[in-house]
Structures are given as C-alpha cells and as structure tokens.
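S.K.: Can you keep this structure in mind? I'll have questions shortly.
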Amino acid sequence: MSKLKDRIKGFWPKSLPSWSQSRFFVRVLNKEERALFYALVLIFFVSLVGFSYCFYINNTEVVPTYGGLYTEGIVGYPNFINPIYSAVNDADRDVVELLFSSLIDYDFEDGFVFNLAEEIIEEKNSYTLKLRDNLRWSDGEKITASDVVFTIKVIQDPDYRSPLRPDWMGIDVEELSELEVLFELDQASPMFVNKLALKIIPKHIWQDVTPQNFLLSSYNIDPVVSGPYQIGERIMSDGNIDSLILKPNPNYRGKTPYISNFRINFFSSKEELVSAAKKGEINAFSVINPSNYQQITSDTRFKGYRFEFPRYFALFFNNQVIDDIEIRKALSLAIDKKKIVEDVLAGQGKVVSSPIIPEIYNFDFKVEPDFNLQEAEDILESSGFVLGEDGFRNVVVREEKELSFTKDLKVGSQGEAVRDLQRCLIYLSENDEEIFPNGTVSGFYGQETRDAVIRFQEKYYEDILAPSGFSSGTGMVAKSTRAKLDELCQEIPLETEEFAFTITTVDQPLMIKMANSIKSQWEEIGVKSEIVTYDQNSLERDIIKPRKYEMILFGNAYDAIIDPFSFWHSSQVTEFGLNLAMYQNKDTDTLLEMLRIENEDDQKLVLLEKIQETILEKYPAIFLCSVDYLYFAFDGVGGIEPTTIINPSHRFSKIENWYTETKRIIK
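Mapped onto the working numbering, the consecutive letters of the sequence shown carry residue numbers 16 to 682.
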C-alpha cells in the first residue's frame with residue numbers, strides 16, 4: 016500500500032503548470048498520446064456544437080418572416096386591372112384579387128367574412144351595409160360609402176359596359192352616411208349577400224372619367240387600390256404587360272403580406288408557361304389539363320395543391336329536341352363517371368351525380384352514380400332502337416309491310432293506296448335511283464309520282480306496256496302495272512334511320528377528351544355520336560344563345576350561397592338565360608322561387624333536396640364530374656392552404672399568409 020502511495024505521489028505534480036508552461040504541453044507528448052489528445056479535443060467540440068444545436072432546435076421554432084421574391088406565371092395578358100371589367104379575363108381577375116379588397120369575402124369553412132364592411136343589417140327588402148372606419152386607398156384617401164355607391168352606379172349604367180351589370184339590375188343603392196350604404200330590393204332574397212363580395216373602385220379617381228373614356232383610362236393599368244398589394248413596376252413590350260412587380264400596400268387594412276416582392280409574369284400560351292417553370296423562371300403556376308398533374312409533380316422542385324370548386328361539368332340535353340325521357344335515361348345510364356374522372360381527369364376530380372353538388376356545400380343528401388349498361392340497352396331495345404350489322408343502333412321509321420294494289424290510280428288520286436304506291440316506288444329506288452329520286456310519301460298522286468310511274472313502266476316494258484300495245488309509259492296505275500307492283504313490292508322490309516347524336520362543346524383539350532370518353536362509352540351500347548367544337552366566343556354567340564344544339568358539354572358554377580335558379584328555372588330557357596337543358600317543370604320552378612326567399616337553413620335544405628329530386632327524375636342532363644383547380648408552387652413556398660374556392664383567382668384570398676423566407680424564434 017505504501018508503495019502505491021509513493022508511485023501516485025511521484026506521478027502527480029506538486030503544482031499545476033503556468034499558462035506559459037502549458038503552451039508546451041503538446042510537445043512533451045509522444046505521437047500516440049498527441050493523436051489521442053487531438054481526437055478528444057475534436058470530440059469535445061463536436062459534442063458541444065451538437066448539444067448547442069439540439070438545444071437551439073428544441074427551444075426555438077421556424078416562423079415566416081418578411082421579404083423574398085415570389086414569381087407567379089399566368090397565361091394571358093391583363094387589359095383592365097379594374098374590378099368592374101375583370102370578370103371576363105382570367106389574368107385581369109387574378110391581378111385584381113391581389114390589388115383590391117371586397118366588401119365581404121366568403122370562406123367555405125367560416126362562411127361570410129367581413130372585409131371592408133364590418134356589419135350588414137337585413138330588414139325585409141333592404142340591406143344596410145356599414146364600412147369599417149379609417150379605411151384608406153393606396154394613395155391615402157379615405158374609403159367611404161360614396162365609393163361603394165359610385166361603383167354600383169357605374170356597373171348599372173349600360174354606357175360603361177360592365178359585365179357585372181346583370182347582377183345589379185333592379186337594385187337601388189343609396190348613401191346614408193359616410194360609412195353606411197342602403198340597398199333596396201324588389202323582394203327579400205338571402206342570395207343578395209353573394210353580390211356583396213364586390214370589389215369597389217375609388218370615386219375620387221374615376222368620377223371625372225366619362226363613360227366613353229372609361230375603357231381607355233390609364234387607371235385601368237395603373238390603379239389606386241385597396242388590397243394587400245399595389246403595383247410597384249410594370250414591364251411592357253409590344254403593347255402588352257409582360258410582368259408586374261407588386262409591393263405591399265402600406266394602407267391595407269389587413270395583415271401585411273410576408274412576401275415583399277410578388278412578381279407576375281404573363282405568357283401567351285400554356286407551353287411557354289410550362290417551359291418557364293421547368294427553367295426555374297417562375298415559382299408557381301396552374302394548369303388546365305389535370306393529365307399534366309403527375310408529370311409536373313414528378314419534378315421534386317414543385318409541390319401540387321388541389322383547390323375544390325363549386326362547379327361541375329355536365330352533358331346537357333336540349334330537352335326540346337331530345338324530348339323522349341327514356342332516350343335521355345338510357346344515354347345517362349350508359350356513362351361510367353368514375354371512368355371519366357380516372358381517364359380524363361387523371362383522378363384529379365370527383366364524380367358528380369346531382370345539379371346541387373351536395374359534397375361541396377356539405378349537404379347530407381347524396382346521389383349514387385346510376386351507371387347500368389344492361390338497363391340502358393334494355394331501354395333502347397324496348398324503344399325500337401335495333402342494332403345494325405355495323406354494331407350501331409338504328410331507329411325504325413317504317414315497319415315491315417305487305418303491299419297489295421287493288422285499284423287503279425292516276426294524277427289527282429289520294430289516300431292510303433297512293434301512300435303504298437309511293438312507298439313501293441321509294442323501295443324500288445334503292446336499286447334504281449332513277450325511278451323515284453327524292454321521293455316522299457305524301458298520299459297525293461302528283462306530277463312527281465306520275466313521272467316515277469312512267470319510269471317504272473318503261474323499265475319493265477315487256478311486262479307492263481308491250482302486252483297492251485303501248486310504246487311508252489302512260490303514268491296510270493292500271494291492271495298490268497298493279498300486277499308488277501304486287502310482284503315486286505309484295506313485302507317491303509323495315510326502313511330505318513341511324514340513331515346518332517351530335518355533342519357540342521368548347522374547343523379545349525380537356526372538354527374534347529371528355530366528349531371522346533362519352534362517345535366511346537355510348538358506342539358500347541351501339542349509339543353513334545359526333546363531336547363538334549367551337550371557340551368560347553363562337554360557342555356562346557352562335558350556339559348557346561340561339562340554342563342550336565342537340566346536347567352540349569359545358570360547365571355550371573355556383574356562388575357562395577347556392578342558387579340553382581339561373582340554370583333550371585323555366586324563365587331561363589331564353590337566349591339570355593343559362594338553362595342549357597331547356598328544362599321546364601312547374602314543380603321545380605315553384606321550389607326554386609321559394610328557395611330564393613327562404614331564410615331558415617333547415618327549410619333551405621328541404622327545398623334543395625326536393626329541387627334535386629324533381630330535376631333528376633326527368634334526366635335533363637348527365638351530371639359528370641367536378642374538376643379540381645390544380646396549382647403548383649416551389650417546395651420552399653409556405654402558407655398555401657388548399658381549400659374550396661369560388662373561382663381560380665380566390666387562391667390568393669389568403670395571400671398574406673404565403674411566405675418564402677423564414678426565421679427561428681424562441682418558443
């Protein structure tokens with residue numbers, strides 16, 4: 016024991032080395048001891064850094080911060096950055112959404128949300144809207160009730176040619192005070208609140224601009240605004256705005272957007288847009304065709320977002336042309352809507368089986384898809400639509416009939432015997448067109464029928480004319496002529512016409528692909544169809560307004576508060592209405608009118624379900640699917656929350672929460 020103590024005592028220094036002596040510590044170590052020392056030092060510092068990092072991560076959190084550049088890509092160019100004109104141009108509507116605030120907004124989760132307005136008071140046929148105090152335009156001027164009244168008066172005046180005018184017809188608006196506006200309606204309507212999702216323009220800027228100059232004013236591209244952003248810079252070429260650089264609006268009433276530089280690049284085509292995205296020239300964009308979804312999301316730089324719409328696509332029958340409900344039912348039963356969603360929409364959509372879209376509006380009444388090929392075939396068979404040798408169905412226009420000619424006929428004769436004669440001559444013309452070209456079954460023995468009889472007699476000269484000594488046809492149906500007619504027309508087979516339809520739609524890839532899916536599915540039950548397409552303007556002007564179609568593949572879109580009146584009421588079958596199915600039903604009309612004045616939510620649900628039932632039982636259309644709005648952004652962009660939106664521009668409704676920059680703060 017004493018020896019161990021002596022060894023320890025000899026090893027342990029009598030005193031610690033001074034700082035100047037410690038500098039030479041490493042020198043006294045051999046090579047192995049020096050390597051071990053450095054390794055221990057390295058481990059110590061790595062552990063210290065790791066511990067510090069873990070402590071920092073565990074006690075802080077990532078939050079958005081201000082700054083950064085975000086570049087949106089949009090197909091099309093802005094023409095009127097003005098809320099009273101923007102509804103007809105997607106590029107205008109997107110920019111307006113970022114620059115102008117609405118009186119109220121709508122969120123499908125929270126309902127109506129007050130924005131510029133802070134209160135709405137309803138009383139019988141009137142609504143009083145109160146604005147928030149101390150609201151400012153981007154130039155510092157106060158936002159008041161006079162701006163609201165001015166905006167609506169401009170919309171209502173036909174000289175200004177606003178596309179919003181039909182929505183505000185028959186509504187009186189009056190300024191009650193600096194912050195209060197009175198709206199008076201012909202009758203109470205809960206649907207009126209939809210109209211208050213209106214973006215207003217500043218009276219002090221526009222009041223001196225004449226209607227003739229309104230569309231030409233520079234304020235349409237350099238507006239005074241009320242929204243989260245204002246225009247900081249415009250980049251133009253060849254008369255088009257190529258890019259807009261937006262800056263936060265310091266007078267915006269809401270939260271300042273995190274993104275300090277919001278740039279929008281405009282493109283002339285989808286191909287240019289996608290090319291720019293692949294090159295990294297834009298951070299975000301949307302595509303119309305869902306089939307591109309998987310292709311784009313395979314690029315790991317992008318994250319896909321799906322926004323739902325209160326909109327559906329349907330094949331609307333012109334019920335005044337295709338007036339047989341059994342035919343409409345059979346064609347409806349033959350469509351597999353799930354197949355359309357998978358094949359046409361690449362799964363980026365939902366099956367729709369109702370004109371109400373209960374799934375979007377959270378109504379607890381659903382309709383199962385009614386796909387049944389066998390039932391569709393049975394209906395067509397029992398209705399007389401028979402399959403031909405080519406695999407397509409034909410409709411019988413003349414039954415099989417045994418003809419017998421028992422009396423003489425001549426010019427002036429009429430009745431069923433003449434009809435049989437004409438049927439016989441038409442039948443014989445199938446092999447010899449010269450006998451009765453363009454013949455019709457009229458029941459009257461006129462000159463055309465006489466000429467046909469003469470040609471028939473001369474064709475069979477040896478049997479008809481020669482025995483009686485005639486050298487040319489007489490035009491009279493007498494004994495020898497009747498005998499030959501009896502011989503040749505003893506049994507006339509069925510006469511059929513092709514059972515086929517024309518599908519009319521807009522000339523867009525998605526719609527054409529959907530139409531082709533319908534066409535191929537109908538071919539499985541032997542129904543032939545042809546697809547005819549038009550550009551949007553021609554379709555609306557030349558086809559929809561005059562209702563020149565058998566059936567039309569088109570879309571219907573609803574507002575925040577659902578109102579099917581425009582699409583299904585009998586009054587809307589005119590060229591100015593949206594009743595594309597030309598559907599008319601007194602029971603449905605009554606229910607739609609009741610819905611427009613009903614305030615109780617429970618009763619609204621009852622009315623909507625009855626509306627759904629009365630429409631569906633008549634098969635006026637084939638309700639197909641709803642298509643999600645597909646939006647793509649760089650993976651580093653945060654704050655985007657996909658939800659249900661009224662229209663594509665509403666993807667920016669919570670733009671204040673989007674961000675590209677972050678920082679860490681203590682929890």
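Note that the Cβ used here is the ideal one computed from N, Cα and C, for glycine as well.
(1) Reducing DSSP to helix, strand and coil, say where residue 324 ends up.
(2) Three-state secondary structure (DSSP) at residue 514?
(3) Is residue 672 helix, strand or coil by DSSP?
(4) Got a sec, what are the start and stop residues for the beta strand (DSSP E) residue 683 sits in?
(5) Which residues in the same chain have their Cβ closer than 7 Å to the Cβ of residue 92, if we skip the five residues on either side of it in sequence?
(6) Tell me whether residue 334 is buried or exposed, calling it buried when 16 or more other Cβ atoms sit within 10 Å of its Cβ.
(7) Of the residues 567, 405, 323, which one's Cα is nearest the Cα of residue 538?
(8) Note the first and the last residue of the continuous alpha helix (DSSP H) segment covering residue 629.
(9) Would you identify the three-state DSSP class for residue 224, choosing helix, strand or coil?
(10) What is the residue span of the beta strand (DSSP E) that residue 570 lies within?
(11) Is residue 677 helix, strand or coil when you go by DSSP?
(12) Mind pulling the beta strand (DSSP E) runs of 3 or more residues that sit fully within the region 176 to 207?
(13) Check whether the Cβ atoms of residue 245 and residue 276 sit closer than 8 Å, and answer yes or no.
(14) Can residue 612 and residue 349 be called in contact, C-beta distance under 8 Å?
(15) Scan the region 413 to 494 and note each continuous alpha helix (DSSP H) run of 4 residues or more that stays entirely inside, going in chain order.
(16) Among 252, 352, 201, 317, which has the Cα closest to the Cα of residue 532?
(17) Round the Cβ separation of residue 85 and residue 274 to the nearest angstrom and send it over; I've been treating them as touching at under 8 Å.
(18) Going by the DSSP bridge assignment, what does residue 365 pair with across the sheet?
(19) Closest to residue 578 by CA distance: which of 82, 655, 372 is it?
(20) Look at residue 210 and residue 182 and say whether their C-beta atoms are less than 8 Å apart.
(21) State yes or no: is the C-beta of residue 647 within less than 8 Å of the C-beta of residue 311?
(22) Closer than 8 Å is the cut-off here; do at least three beta carbon pairs connect the region 656 to 673 with the region 310 to 328?
(23) Cβ of residue 156 within 8 Å of Cβ of residue 145?
(24) Whole angstroms is fine: what's the gap from residue 614's alpha carbon to residue 81's?
(25) Counting Cβ pairs, one atom from each stretch, are 3 or more of them under 8 Å apart for the region 446 to 456 and the region 573 to 592?
(26) Exposed or buried, what is residue 544 when buried is set at 16 or more other beta-carbons lying within 10 Å of its beta-carbon?
(27) Determine the closest residue to residue 609 out of 626, 104, 363, 507, with distance taken between C-alpha atoms.
(28) May I ask which residues mark the beginning and end of the beta strand (DSSP E) holding residue 76?
(29) Thinking just about the alpha-carbon of each residue, which of 96, 100, 109 is nearest to the one in residue 666?
(30) Can you tell me whether DSSP reads residue 597 as helix, strand or coil?
(31) What do you reckon, are the CB atoms on residue 470 and residue 456 nearer than 8 Å?
(32) Where do the N-terminal and C-terminal ends of the alpha helix (DSSP H) with residue 151 fall, by residue?
(33) Please report the distance separating the alpha-carbon of residue 518 from that of residue 564.
(34) Quickly, what does DSSP pair residue 387 with across the bridge? List them, please.
(35) Restricting to Cα atoms, I'd like to know which of 492, 385, 402, 384 is closest to residue 427.
(36) Quick one: Cα of residue 48 to Cα of residue 299, how far?
M.R.: Straight from the coordinates:
(1) coil
(2) coil
(3) helix
(4) A question about residue 683 goes unanswered here, because the residues of the chain that appear run from 16 up to 682.
(5) 106, 255, 256, 281
(6) buried
(7) 405
(8) 616 to 631
(9) coil
(10) 566 to 572
(11) strand
(12) 187 to 190, 195 to 199
(13) no
(14) no
(15) 431 to 443, 462 to 474, 476 to 479
(16) 352
(17) 5 Å
(18) 641
(19) 372
(20) yes
(21) yes
(22) yes
(23) no
(24) 44 Å
(25) no
(26) buried
(27) 626
(28) 75 to 80
(29) 109
(30) coil
(31) no
(32) Taken as a continuous stretch (DSSP letters only), residue 151 belongs to no alpha helix (DSSP H), as it is neither H nor E.
(33) 8 Å
(34) Paired residues: none, contrary to the question.
(35) 492
(36) 59 Å
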